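Under my numbering, think of the first position of the sequence shown as 42, with each following residue one higher. Glycine included, C-beta positions come from ideal geometry on N, C-alpha and C. Note that the structure is predicted; figures quoted are calculated from it, not measured.
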Amino acid sequence: MGPVGVQENGKGEMALSLGNKSKYKRMDSELSDEFDDEASNHYNELERKKSIRKYVLACAIFASLNNVLLGYDVGVMSGAIIFIQEDLKISEVQEEVLVGILSIISLLGSLAGGRTSDIIGRKWTIAFAAVIFQIGAAIMTFAPSFQILMIGRVLAGVGIGFGVMIAPVYIAEISPTVDRGSLTSFPEIFINLGILLGYVSNYAFSGLSVHINWRVMLAVGILPSVFIGFALFIIPESPRWLVMQNRVEDARSVLLKTNENENDVDERLSEIVAAAGMSNGEKNEEKAVWRELLSPSPPLRRMLITGFGIQCFQQITGIDATVYYSPEIFKEAGIENNSKLLAATVAVGVTKTAFILIATFLVDRVGRKPLLYVSTIGMTVCLLTLSLTLGFLGHGQLGVALAVLCVCGNVAFFSVGMGPICWILTSEIFPLRLRAQASALGAVGNRVCSGLVAMSFLSLSRTITVGGTFFLFALLSALSVLFAYKCVPETKGKSLEQIELLFENHNEWQGSEVEMGDSEHLVQKA
């Protein structure tokens, strides 16, 4: 019996052993399934984040297409004006007016753009800007006289004014906080891309007959605006504008498409609703927007000083004169041949475009203010050196080399800081209820200063020499360094609603305390 008992006992242990193995297998299978589910969820979440980044990037690119038009006009007109002058026999004064009128007239588009975007939305204002520019560009292409050319120029200017004003506002309002700086710099990237394309167009079509070449150059500018029609099927409306229209659910839907973290969407939406003054679904019954802008509170006054001031400094330091009249500058330095002049301007365009890409990479890593210091100090040195070169080195090879180097250096430093950060700050610092129209006011200051510089450069150069004119630009650039120190806050990593709070505290506005990095009442959100 003993052996039988042992045998039975052995079978029992064997059964128990097999049962335990089966149990372990089931546990392993359950753990494996859980692991697979977690891996699958993690993969899906990563794919969702990639998809959202691509979507937001596409929105920023399409919204910036109007800025290609401004850049292209600036670049192409620097070369086209040589042939327009020869074909239509215009005077130097008419040349100045033709070049500068676009910037002056664009202020009408910028002024109207704020109110228009509040009525019809940011998205449709972008489309409206493209249509107006296309009409103006078509008229310029077929203009038989200076007068008709001016009509087309005026319409193109209005369209550009709308586009320049609305693009950074729209991008700032749809962008996640962590990427807002780099994405809001896209309009400046596309301006630079447009300038480069304008220079290349000048060089490419300069060999055609005088009656045809400048018309082809101007006609090519219509192409970017055509793509905006396709963009309307892709880009959403601004969630902040939707909240202002009391379309909160639509705004939430857009935020879900543009924010990587779904958990932050409701919190972001609450901040936007509060900032819009629409808590409990009621419209804010404060003073009218323009009345508030004309009699601002102390925090709003500080915002206006920063926004309007940096827009003006961007232009009075002479960047548009450098770009519009780069052939004149190089001619003054000693380059005579038209092809060589236009080739040198292509080098300027390549430099300007390359360095704006560097700014896009650094602006959300280094911050706005450090880049602004590098930019304004570098511009001051380049402008001063260019002034001395043109004034004292004559037409020798050294003078030509230094002039080209200084012009390229000036546009490089401009593109690293002052160029993009001007538009980034203007789109960030104003309260939601005022953002569109306050940004429009800043764009007006920008366009007026640009127009005044463009329309007076040749006359001023005849009076105090080209070197003297750039010495004046160098002095103004030095002032912009002080302005950046005293009046520009660091906004890196802050939501638009948090930035509004920064201007409430007068102490943080002063001197170095405006850096705002460790403010306890503001929580930096990832």
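Item	Value
Chain-order list of residues whose beta-carbon lies under 7 Å from that of residue 196 (same chain, five-residue window excluded)	173, 176, 177 and 180
The alpha helix (DSSP H) enclosing residue 487, as first and last residue numbers	473-528
Ranges of the alpha helix (DSSP H) found wholly within the stretch 157-185, counting only runs of at least 4	163-182
Among 267, 236, 133 and 248, the one whose alpha carbon lies nearest that of residue 167	267
Exposed unless 16 or more other CB atoms sit within 10 angstroms - verdict on residue 307	exposed
Spatial neighbours of residue 303 in its chain, beta-carbon cut-off 8 Å, leaving aside the 5 residues before and after	297
Local conformation of residue 346 per DSSP, three classes	helix
Distance between beta carbons of residue 398 and residue 230, contact taken as under 8 Å	7 Å
Residue 188 (DSSP reduced to helix, strand or coil)	helix
Residue 228 and residue 464 closer than 8 Å at C-beta	yes
Contacts around residue 501, its chain only, beta-carbon distance under 6 Å, and the 5 residues preceding and following it disregarded	510
Residue 286, DSSP secondary structure in three states	coil
Buried/exposed call for residue 95, threshold 16 Cβ in 10 Å	exposed
The stretch 452-460 in contact with the stretch 417-436 per 3-pair CB rule at 8 Å	yes
Reference residue 349, options 215, 467 and 402, closest by Cα	467
For residue 234, the nearest candidate out of 330, 262 and 248 (CA to CA)	262
Residue 304 in three-state terms, based on DSSP	helix
Own chain residues within Cβ distance below 6 Å of residue 374, not counting five before or after	440, 441 and 444
Beta-carbon proximity check, residue 295 vs residue 313, cutoff 8 Å	no
The stretch 478-487 touching the stretch 149-156, judged by at least three CB pairs closer than 8 Å	yes
Beta carbon of residue 449 nearer than 8 Å to that of residue 387	no
Residue nearest to residue 495 in terms of C-alpha spacing, selected from 92, 124, 108 and 360	360
DSSP state of residue 252 mapped onto helix, strand, coil	helix
Sequence-distant residues of the same chain with beta carbon closer than 7 Å to residue 128, five excluded per side	251, 252 and 255
Backbone CA spacing between residue 523 and residue 141 [nearest angstrom]	28 Å
Contact under 8 Å by Cβ, residue 476 with residue 210	yes
Continuous alpha helix (DSSP H) assignments of at least 4 residues falling wholly in the stretch 376-438	379-403 and 409-433
Where residue 290 falls, given that 16 or more other Cβ within 10 Å makes a residue buried	exposed
Residue 127, enclosing alpha helix (DSSP H) - first and last residue	106-129
Cβ separation of residue 490 and residue 356, assumed to be a contact under 8 Å, to the nearest whole Å	4 Å
Where the alpha helix (DSSP H) through residue 240 begins and ends	227-246
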